[in-house]
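Chains as they are written, first to last, in numbering that gives the first Met the number 0: chain A, 0 to 285; chain B, 0 to 285; chain C, 0 to 285.
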Amino acid sequence: MMDKLLFMFDTDPHPSVFDTVVAYDGGADRVAGYADVTPDNVGALVDGTIYTRGGDEKKNTAIFIGGGSMAKGEELLECVKKRFFANFRVSVMLDSNGSNTTAAAGVALLAKTGDLKGKKAVVLAGTGPVGMRAGAMLASEGCEVVLTSRKQDRADAAAKQISERFDVKCSGFEASNPDQFAEAVKDANIVFAAGGIGIELLKEDAWKDNPNIELIADCNAQPPLGVEGLEATDKGKERHGKTVFGALGIGGLKLKLHRALIGKLFESQDNVFDAEEIYAAAKEMA
Amino acid sequence: MMDKLLFMFDTDPHPSVFDTVVAYDGGADRVAGYADVTPDNVGALVDGTIYTRGGDEKKNTAIFIGGGSMAKGEELLECVKKRFFANFRVSVMLDSNGSNTTAAAGVALLAKTGDLKGKKAVVLAGTGPVGMRAGAMLASEGCEVVLTSRKQDRADAAAKQISERFDVKCSGFEASNPDQFAEAVKDANIVFAAGGIGIELLKEDAWKDNPNIELIADCNAQPPLGVEGLEATDKGKERHGKTVFGALGIGGLKLKLHRALIGKLFESQDNVFDAEEIYAAAKEMA
Amino acid sequence: MMDKLLFMFDTDPHPSVFDTVVAYDGGADRVAGYADVTPDNVGALVDGTIYTRGGDEKKNTAIFIGGGSMAKGEELLECVKKRFFANFRVSVMLDSNGSNTTAAAGVALLAKTGDLKGKKAVVLAGTGPVGMRAGAMLASEGCEVVLTSRKQDRADAAAKQISERFDVKCSGFEASNPDQFAEAVKDANIVFAAGGIGIELLKEDAWKDNPNIELIADCNAQPPLGVEGLEATDKGKERHGKTVFGALGIGGLKLKLHRALIGKLFESQDNVFDAEEIYAAAKEMA
Chain A
0 MMDKLLFMFD
10 TDPHPSVFDT
20 VVAYDGGADR
30 VAGYADVTPD
40 NVGALVDGTI
50 YTRGGDEKKN
60 TAIFIGGGSM
70 AKGEELLECV
80 KKRFFANFRV
90 SVMLDSNGSN
100 TTAAAGVALL
110 AKTGDLKGKK
120 AVVLAGTGPV
130 GMRAGAMLAS
140 EGCEVVLTSR
150 KQDRADAAAK
160 QISERFDVKC
170 SGFEASNPDQ
180 FAEAVKDANI
190 VFAAGGIGIE
200 LLKEDAWKDN
210 PNIELIADCN
220 AQPPLGVEGL
230 EATDKGKERH
240 GKTVFGALGI
250 GGLKLKLHRA
260 LIGKLFESQD
270 NVFDAEEIYA
280 AAKEMA
Chain B
0 MMDKLLFMFD
10 TDPHPSVFDT
20 VVAYDGGADR
30 VAGYADVTPD
40 NVGALVDGTI
50 YTRGGDEKKN
60 TAIFIGGGSM
70 AKGEELLECV
80 KKRFFANFRV
90 SVMLDSNGSN
100 TTAAAGVALL
110 AKTGDLKGKK
120 AVVLAGTGPV
130 GMRAGAMLAS
140 EGCEVVLTSR
150 KQDRADAAAK
160 QISERFDVKC
170 SGFEASNPDQ
180 FAEAVKDANI
190 VFAAGGIGIE
200 LLKEDAWKDN
210 PNIELIADCN
220 AQPPLGVEGL
230 EATDKGKERH
240 GKTVFGALGI
250 GGLKLKLHRA
260 LIGKLFESQD
270 NVFDAEEIYA
280 AAKEMA
Chain C
0 MMDKLLFMFD
10 TDPHPSVFDT
20 VVAYDGGADR
30 VAGYADVTPD
40 NVGALVDGTI
50 YTRGGDEKKN
60 TAIFIGGGSM
70 AKGEELLECV
80 KKRFFANFRV
90 SVMLDSNGSN
100 TTAAAGVALL
110 AKTGDLKGKK
120 AVVLAGTGPV
130 GMRAGAMLAS
140 EGCEVVLTSR
150 KQDRADAAAK
160 QISERFDVKC
170 SGFEASNPDQ
180 FAEAVKDANI
190 VFAAGGIGIE
200 LLKEDAWKDN
210 PNIELIADCN
220 AQPPLGVEGL
230 EATDKGKERH
240 GKTVFGALGI
250 GGLKLKLHRA
260 LIGKLFESQD
270 NVFDAEEIYA
280 AAKEMA
């Protein structure tokens with residue numbers, strides 16, 4: 000039987016180790032990582048995936064787009080799709096920085112607790128790949144979404160990008176210190192912390208007595224966590240009357256989802272897995 | 000059993016995806032791609048292939064040289080061979096940009112239609128890897144060969160390189176627009192289009208009523224094709240009284256040949272596959 | 000069963016081909032090589048190894064640190080270990096330039112001939128990865144160790160680094176021509192040549208009649224050898240009354256050791272293989 004080959008086009012200087020491990024665990028037989036992939040050089044790489052196997056064999060070749068930048072990842076996905084023509088196409092998945100799978104797992108777990116429609120959701124440090132996708136998915140559930148960034152213009156730019164890509168409403172909020180983060184979540188019902196590893200964003204005092212907040216999710220697994228007072232392993236845990244999810248609590252579903260989607264990539268030659276498809280899969284698995 | 004390992008030394012900034020897929024399909028168990036390989040850094044890489052397995056085990060390690068530049072590929076092959084000594088050698092194949100396999104498949108299909116001896120063959124946009132190898136193989140069949148380039152000096156340089164490497168006669172011709180391409184093929188019996196993807200070189204008007212032209216081959220699979228009036232899937236098709244071959248028509252044999260040669264690399268530890276060996280294999284398989 | 004994945008973090012611009020081949024032969028199912036790994040970028044790579052598999056699965060992921068510089072390799076090992084926390088860790092092996100395995104094989108073969116305690120050992124061209132590890136291992140056997148370099152300050156720096164890392168005594172000696180190398184080994188009992196490929200360090204005249212010298216090991220497999228008068232295949236051969244080991248004689252054990260350690264990496268999730276562990280394994284296998 001023909002090997003299932005996954006070509007990882009990464010926008011960073013090293014192809015992601017994380018994505019490589021999950022690719023194997025998800026069912027790829029061989030993974031080839033490509034670093035520093037750009038719109039300028041991706042064309043020849045795509046050609047290598049579409050001209051090398053005939054007919055039904057093509058479903059055994061797939062492309063995974065990763066790297067630290069959502070904007071670069073989205074641009075690359077467009078370039079890849081444009082290079083395809085007629086039957087010369089393979090399946091492709093976009094998950095820059097685990098954006099889609101992590102956000103989908105986190106939001107799907109929140110959505111499983113009850114209807115999110117009409118609630119206000121604040122994504123802390125939300126201009127990275129995970130935050131932007133979480134914002135989009137929360138908006139797709141009918142939430143009013145606010146993204147914070149250290150700079151108002153970056154927050155606004157990310158909000159605008161989400162609004163345009165997903166046809167939802169989303170706004171930006173400047174926050175870079177504990178007081179500003181506390182202010183940002185004051186009237187929120189949902190808090191989604193999407194900051195970097197080992198960076199605390201929200202103090203326990205800022206949420207434990209806040210009567211509006213019902214749900215908290217945090218994607219940072221390494222102490223100090225993004226939200227003080229959570230444990231990374233929390234998964235639907237009640238704390239101060241709120242239902243909370245830590246990074247490892249979310250991470251279990253994220254990994255299961257990520258692996259499952261790699262497997263599904265090879266089921267046909269024309270899958271395109273981006274936010275919508277990945278979030279739908281997450282809701283089925285949550 | 001020991002894994003069959005293929006080390007792909009690529010002269011470009013990314014190892015070829017195309018060559019990676021074909022390497023697996025040809026029977027390599029593991030493929031490791033190396034980018035930006037140069038005469039300066041290839042020595043240590045070669046050492047890794049020859050000092051790691053003993054005696055008969057060495058046939059399970061092989062080297063594939065690829066990348067966009069024929070000149071760099073040839074130089075690298077020389078460096079690799081020079082690094083070998085005594086029994087410290089592994090099999091190696093040179094196929095920069097699919098040069099040898101594509102050219103061999105194309106020319107072998109032309110040669111299968113009848114004796115090419117004494118015919119005039121014009122390789123359009125012939126200074127790239129495929130064009131230069133096609134020129135050499137056509138010359139080896141006894142054709143008078145002309146290569147075109149946008150610049151006379153580049154055409155002459157490529158023709159000279161072929162003449163010296165293969166001990167054949169070959170000349171250059173400057174052509175960069177439809178009229179010049181038409182002029183270039185006026186008294187040709189064989190037209191071999193070796194231009195880039197999606198670039199039209201020859202108008203249908205320039206060949207359909209030309210009584211000299213008997214055979215046409217085109218290596219560009221993506222519309223617009225290199226020769227107007229062909230279909231990429233043509234394989235020995237009669238059009239306007241000429242026998243024509245499109246890129247996908249050639250590509251089938253090219254892939255079969257490329258895969259078969261990867262498999263043969265691992266049959267002994269001292270194969271060297273370059274134009275001559277690859278063309279001989281193509282003629283057997285055409 | 001879960002694939003055994005080896006991530007090779009290499010400090011050089013290309014991941015080592017040598018280490019890749021041995022990784023497969025040692026039992027890794029998949030090897031992913033990373034080039035230009037530095038303390039600045041290794042963190043994210045390590046995260047990919049520790050967050051992707053749960054519990055007992057983690058023993059199927061391991062890290063191998065290689066590259067031409069011992070100092071960079073040691074620094075990287077420290078960074079990798081620092082990134083681990085609690086149960087979030089995988090096994091790791093340091094073998095920059097084959098340093099630990101080559102030195103361990105060489106010194107273990109010398110040690111097998113008899114007690115080395117109290118003997119004077121001179122490591123020629125000893126400031127590279129192999130030389131520095133050989134010096135450390137000889138010192139651990141109770142030898143008085145001298146390292147030569149073309150520059151006194153480089154010899155002293157390497158000797159100091161060994162002394163500090165392994166808590167042993169070691170000194171430097173400047174030698175760059177035949178007379179100086181002869182002088183360096185005048186009162187040595189053990190000569191360990193650790194120079195580059197194809198570079199002769201010691202003339203036969205400098206050792207054949209020297210009554211002090213009992214044991215000679217040379218790590219250079221490519222003619223001219225590091226020590227004139229040896230054959231690369233010598234393995235405990237008597238020459239002029241001395242017991243000598245050539246690079247291929249040592250290389251057999253080195254390869255066996257290197258392969259075995261790769262296999263052992265995957266036996267638990269918390270192995271750290273550096274000089275001490277690798278030398279202990281070599282003595283068992285010698």
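The beta-carbon is built from N, C-alpha and C at its ideal position, and this holds for glycine as well.
Tell me which residue opens and which closes the beta strand (DSSP E) that residue i is part of.
i	result
B:Lys-241	241-244
C:Asn-147	For the record, residue 147 of chain C in the displayed sequence is Thr; it is not Asn. Per DSSP, C:Thr-147 belongs to the beta strand (DSSP E) from 143-148.
C:Asp-9	4-9
B:Val-36	Note, B:Val-36: premise wrong, no beta strand (DSSP E); not H, not E.
B:Glu-237	234-238
A:Val-226	Looking at the DSSP string, A:Val-226 is not in any beta strand (DSSP E), and its letter there is neither H nor E.
A:Leu-200	No beta strand (DSSP E) contains A:Leu-200, which DSSP labels as neither H nor E.
B:Asp-217	214-217
Should residue i go down as buried or exposed, given a rule of 16 or more other Cβ atoms within 10 Å for buried?
i	result
A:His-239	exposed
C:Ile-198	exposed
B:Phe-180	buried
B:Arg-149	exposed
B:Asp-178	exposed
B:Pro-14	buried
C:Asp-166	exposed
B:Asn-209	buried
A:Lys-111	exposed
B:Lys-168	exposed
A:Asn-86	exposed
A:Met-0	exposed
Cβ atoms of residue j and residue i: under 7 Å apart, would you say?
i	j	result
B:Ala-102	B:Ala-124	no
C:Leu-93	C:Gly-127	no
A:Gly-66	A:Thr-10	yes
C:Phe-272	C:Leu-260	yes
B:Phe-172	B:Ala-154	yes
A:Ala-27	A:Leu-44	no
B:Ala-61	B:Val-16	no
A:Ala-187	A:Leu-200	no
C:Val-106	C:Met-131	no
A:Gly-251	A:Ala-231	no
A:Val-121	A:Val-190	yes
C:Gly-25	C:Gly-262	yes
B:Ile-196	B:Gln-221	yes
B:Val-20	A:Thr-19	no
B:Leu-214	B:Leu-109	yes
B:Pro-12	B:Asp-35	yes
B:Lys-202	B:Glu-227	yes
C:Cys-218	C:Val-79	no
Does any heavy atom of the ligand GTP sit closer than 6 Å to the C-beta of residue i?
i	result
A:Ser-68	The model on display carries no ligand, and the ligand GTP is accordingly not part of it.
Which residue marks the beginning of the alpha helix (DSSP H) containing residue i, and which one marks its end?
i	result
A:Thr-19	16-25
A:Val-129	128-139
B:Glu-266	Premise fails: B:Glu-266 is in no alpha helix (DSSP H) and is neither H nor E.
B:Ile-277	274-284
A:Leu-109	98-111
Original post:
When you check each C-beta in the stretch 8-21 of chain A against every C-beta of chain C, which residues fall closer than 9 Å?
Top reply: Residues passing the 9 Å Cβ filter: Asp-11, Pro-12, His-13, Pro-14, Ser-15, Val-16, Phe-17, Asp-18, Thr-19, Val-20, Val-21.
Original post:
Going along the stretch 45-56 of chain C in order, which residues come within less than 9 Å of chain A, judged by CB to CB distance?
Top reply: Interface annotation for the stretch 45-56 of chain C against chain A: Val-45, Asp-46, Gly-47, Thr-48, Tyr-50, Thr-51, Arg-52, Gly-53, Glu-56, criterion Cβ-Cβ distance under 9 Å.
Original post:
In chain order, which continuous runs of the alpha helix (DSSP H) of length 4 or greater are located wholly inside the stretch 48-90 of chain B?
Top reply: 69-82
Original post:
Of the residues that make up the stretch 218-241 of chain B, which ones have a beta carbon closer than 9 Å to any beta carbon in chain A?
Top reply: Ala-220, Gln-221, Pro-222
Subject >> Near-chain A residues of the stretch 92-114 of chain B - C-beta to any C-beta below 8 Å >> reply: Those would be none; no residue qualifies.
Subject >> Unbroken stretches of the beta strand (DSSP E), 3 residues or longer, contained in the stretch 156-186 of chain B >> reply: The qualifying runs are 169-173.
**OP:** Give, in chain order, every residue of the stretch 26-41 of chain C whose Cβ lies closer than 9 Å to some Cβ of chain A.
**Re:** Asp-28, Arg-29, Ala-31, Tyr-33, Ala-34, Asp-35, Val-36, Asn-40
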